Amino acid sequence: MAFPSVYEMFAPLTTVRKQHFWDYFSGDTLNSRWTVVNGTAVPKDEADGGVLLSTLVQAHANTRVAFNDIKPFAHNGSVVIGNFKQTDNLSTSYTYMGLTDNSNVGATANDNASIALHEAVFTNAKYVLRTGDGTTSTGTDTDIAEDTDWHNHKITLSSSNVINSIDGVTKVTKTSNRPTQNLQPIMYAGTSNAQVHQAQIRYMECYNT
Amino acid sequence: MTKSIYDQITASGTSGTDFKQRMVETFSGDALDTDRWSSHGSGSATMADSVDGGLLLTSPTNGAQSIDFSPSDSGKIRPFSQTGAVMIVTSKMVQAQYTNQSNGFRTNYYTEAGKYVIMAIQGQTNGNSGDNKIQLKSNNPSTSVDTSIASSAIHDLHNYKLELLSSSSTLSVDGALSSTGFATGSCNPDTRCQPYLNIATAEGTISGGAKANYTYCEVYNT
Chain S
1 MAFPSVYEMF APLTTVRKQH FWDYFSGDTL NSRWTVVNGT AVPKDEADGG VLLSTLVQAH
61 ANTRVAFNDI KPFAHNGSVV IGNFKQTDNL STSYTYMGLT DNSNVGATAN DNASIALHEA
121 VFTNAKYVLR TGDGTTSTGT DTDIAEDTDW HNHKITLSSS NVINSIDGVT KVTKTSNRPT
181 QNLQPIMYAG TSNAQVHQAQ IRYMECYNT
Chain X
210 MTKSIYDQIT ASGTSGTDFK QRMVETFSGD ALDTDRWSSH GSGSATMADS VDGGLLLTSP
270 TNGAQSIDFS PSDSGKIRPF SQTGAVMIVT SKMVQAQYTN QSNGFRTNYY TEAGKYVIMA
330 IQGQTNGNSG DNKIQLKSNN PSTSVDTSIA SSAIHDLHNY KLELLSSSST LSVDGALSST
390 GFATGSCNPD TRCQPYLNIA TAEGTISGGA KANYTYCEVY NT
């Protein structure tokens, strides 16, 4: 089946679409829609490499790629899909992909919903669905051990829960500490020691439902 | 299931002419993509920090703000056919009074005379003929065809499809193919076009400027 327009791939013209974007992370630089805070985020010169985030060599460095706190996505009706990996597996690193109300997604006071790995507070070495309601941030382990492989992560936010899937399989449904504020997409790589931590992302899509 | 966007658009993908020029803009990010768009006017074109806010185009207190493909008069980029192109835009005009929004195709740099076909929304002014209407408009020849969208709905978020045909143009609001949300006129630009999105004060001044949100724009040759 062919569609006359990209619009009609997702909805008929009789439906007024909500905000929806996607990024293939392909080009000679990161698309200008993103703001990079600390470190670097540059295209990786390798097959399927996407964009490589690298932290600065300093303790508690973190590299954040987000919308500079422009937040068009609903905390109670949106989806984020990301294809990413941590490039290394440092014991001191932490990596997130998801939605947040500000780009410092690691802070407990943030509203956020993200897939996280290798946080010091989550010691089971699993991919974790983490959410925060602006006061408290908590995480629930998936059954997937953290690794350095590419995975496809999907997080669905509704008015009653937050659901994540990894590689197409639902892993966690979380009802506690869900975000309450408008959100922006984020990719985040950090480390608590003075060493470079790297992560890569090659697809991201967000839309309101 | 197809694996490419190309196949989703063309179905066959067997001809070198199957895929004509196409642009898809989702207006999502920290700022307007100025590698693609040029902004004209003393107002602003910024991303709205609100759910489904997209791009917020704000006119000056008295005047217009537009975005198009032309950074300068000598640098106009006009890849779309005056006799075979489509614009789909999802947008909302914010104010009820003294505001005029127009989106569509134009042949000219924003300061030049030229030809255009647009969808126009005019809010309430001081009794002008286009008040509280969504219209198909052109200046080649002079054309103004009303849709029957209720005045109470002209400030809602709508999906507009403007199509340039071989010797006419059509406007469809929210997918209507006839009747209330549809208008057709015997008008075309006279040469290749660029897309443009424009918000302006319609009469007098507006404190803070006239405003419109845009969440999607797709333009392609047919």
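The listed protein sequences correspond, in order, to chains S and X.
For the first sequence, this note's numbering assigns the number 1 to the initial residue and increments by one for each residue that follows.
For the second sequence, this note's numbering assigns the number 210 to the initial residue and increments by one for each residue that follows.
Glycine included, each C-beta is placed from N, C-alpha and C at the ideal position.
Here the structure is a predicted model, which is why all the values come from computation and not from measurement.
{"query": "When you check each C-beta in the segment 47 to 77 of chain S against every C-beta of chain X, which residues fall closer than 9 Å?", "result": "Ala66, Phe67, Asn68, Asp69, Ile70, Lys71, Pro72, Phe73, Ala74, His75 and Gly77"}
{"query": "Quick check: is the beta carbon of Asn110 (chain S) nearer than 8 Å to any beta carbon in chain X?", "result": "no"}
{"query": "Taking C-beta pairs closer than 7 Å, name the residues in chain X that Pro12 (chain S) reaches, listed in chain order.", "result": "Gly384"}
{"query": "What is the residue span of the alpha helix (DSSP H) that Ile214 (chain X) lies within?", "result": "Ile214 to Thr219"}
{"query": "For the structure I just gave you, are there three or more beta carbon pairs, one from the segment 236 to 249 of chain X and one from the segment 47 to 56 of chain S, closer than 8 Å?", "result": "no"}
{"query": "How long is the line joining the alpha carbons of Thr400 (chain X) and Arg231 (chain X), rounded to whole angstroms?", "result": "18 Å"}
{"query": "Show which residues of chain S have a CB atom less than 7 Å away from the CB atom of Glu372 (chain X).", "result": "By Cβ distance, chain S contributes nothing, its closest Cβ being about 10 Å from Glu372 (chain X), past 7 Å."}
{"query": "Consider the Cβ of Ala240 (chain X): report whether some Cβ of chain S lies at a distance smaller than 8 Å.", "result": "yes"}
{"query": "Should Phe10 (chain S) be labelled buried (16 or more other beta-carbon atoms within 10 Å of its own) or exposed?", "result": "exposed"}
{"query": "Going by DSSP, name the residue or residues bridged to Asp383 (chain X).", "result": "In DSSP, Asp383 (chain X) forms no bridge with anything."}
{"query": "Which residues in chain X have a C-beta closer than 9 Å to the C-beta of Thr35 (chain S)? List them in chain order.", "result": "Gly238, Asp239 and Ala240"}
{"query": "Can a CB atom of chain X be found closer than 8 Å to the CB of Ser5 (chain S)?", "result": "yes"}
{"query": "Going by the DSSP bridge assignment, what does His153 (chain S) pair with across the sheet?", "result": "S:Gly82 and S:Ile166"}
{"query": "Buried or exposed for Gly336 (chain X), going by 16 or more other Cβ atoms inside 10 Å?", "result": "exposed"}
{"query": "Answer yes or no: does any C-beta atom of chain X fall closer than 8 Å to that of Met9 (chain S)?", "result": "yes"}
{"query": "What residues in its chain sit with their C-beta under 7 Å from that of Met394 (chain X), if we drop five residues either side in the sequence?", "result": "Looking at the sequence itself, residue 394 (chain X) is Gly, so the reference to Met does not match. Answer for Gly394 (chain X): Leu345, Ser347, Thr352, Val354, Ser377 and Ser378, listed in chain order."}
{"query": "Can you pull the chain S neighbours of Ile218 (chain X), defined as C-beta to C-beta under 9 Å?", "result": "Ala2, Phe3, Pro4, Ser5, Val6 and Met9"}
{"query": "Starting from Tyr319 (chain X), follow the beta strand (DSSP E) in both directions and report where the run begins and ends.", "result": "From DSSP, Tyr319 (chain X) is part of no beta strand (DSSP E); its letter is neither H nor E."}
{"query": "Check whether the segment 402 to 420 of chain X touches the segment 307 to 323 of chain X, counting contact only when three or more Cβ pairs, one atom from each stretch, lie closer than 8 Å.", "result": "yes"}
{"query": "Cβ closer than 8 Å: which chain X residues qualify as neighbours of Asn208 (chain S)?", "result": "Val260 and Asp261"}
{"query": "So, with DSSP's three-state summary, where would you put Tyr307 (chain X)?", "result": "coil"}
{"query": "Residues of chain X with CB under 8 Å from Asn182 (chain S), in chain order?", "result": "Asp258, Ser259 and Val260"}
{"query": "Would you say Ser176 (chain S) faces chain X, with C-beta separation under 8 Å as the test?", "result": "no"}
{"query": "Comparing C-alpha positions only, which one of S:Tyr207, S:Asn208 and S:Asn193 sits nearest to Val57 (chain S)?", "result": "S:Asn193"}
{"query": "Can you give the Cα-Cα distance for Tyr369 (chain X) and Gly323 (chain X), rounded to whole angstroms?", "result": "23 Å"}
{"query": "In whole angstroms, what is the alpha-carbon distance linking Asn349 (chain X) and Lys71 (chain S)?", "result": "41 Å"}
{"query": "So the beta strand (DSSP E) Glu234 (chain X) belongs to, where does it begin and stop?", "result": "Arg231 to Glu234"}
{"query": "Take Lys229 (chain X) and list the residues in its own chain whose beta-carbon comes closer than 8 Å to its own, dropping the five residues that flank it on each side.", "result": "Tyr429, Asn430 and Thr431"}
{"query": "Does any residue of chain B bring its CB to less than 8 Å from the CB of Arg202 (chain S)?", "result": "The chain inventory of the structure shown lacks chain B, comprising the protein chains S and X."}
{"query": "Quick one: Cα of Thr131 (chain S) to Cα of Ile276 (chain X), how far?", "result": "38 Å"}
{"query": "Show which residues of chain S have a CB atom less than 8 Å away from the CB atom of Ile297 (chain X).", "result": "Ser5, Tyr7 and Leu13"}
{"query": "Quick one: list the residues of chain S neighbouring Leu366 (chain X), beta-carbon separation under 8 Å, in chain order.", "result": "Val16"}
{"query": "With a threshold of 6 Å on Cβ separation, who are the neighbours of Thr389 (chain X) within its own chain once the five nearest residues in sequence on each side are excluded?", "result": "Ser357"}
{"query": "Keeping to the same chain, check which residues put their C-beta closer than 7 Å to that of Ala254 (chain X); ignore five residues upstream and five downstream.", "result": "Leu241, Ser248, Leu264, Leu266, Gln274 and Ile276"}
{"query": "Along chain X, in chain order, which residues have C-beta atoms closer than 7 Å to that of Gln19 (chain S)?", "result": "Ser237, Asp261, Gly263 and Thr424"}
{"query": "Within a Cβ cutoff of 8 Å, which residues of the same chain sit near Thr270 (chain X), ignoring the five residues on either side of it in sequence?", "result": "Thr410, Thr414, Ile415, Ser416, Gly417 and Gly418"}
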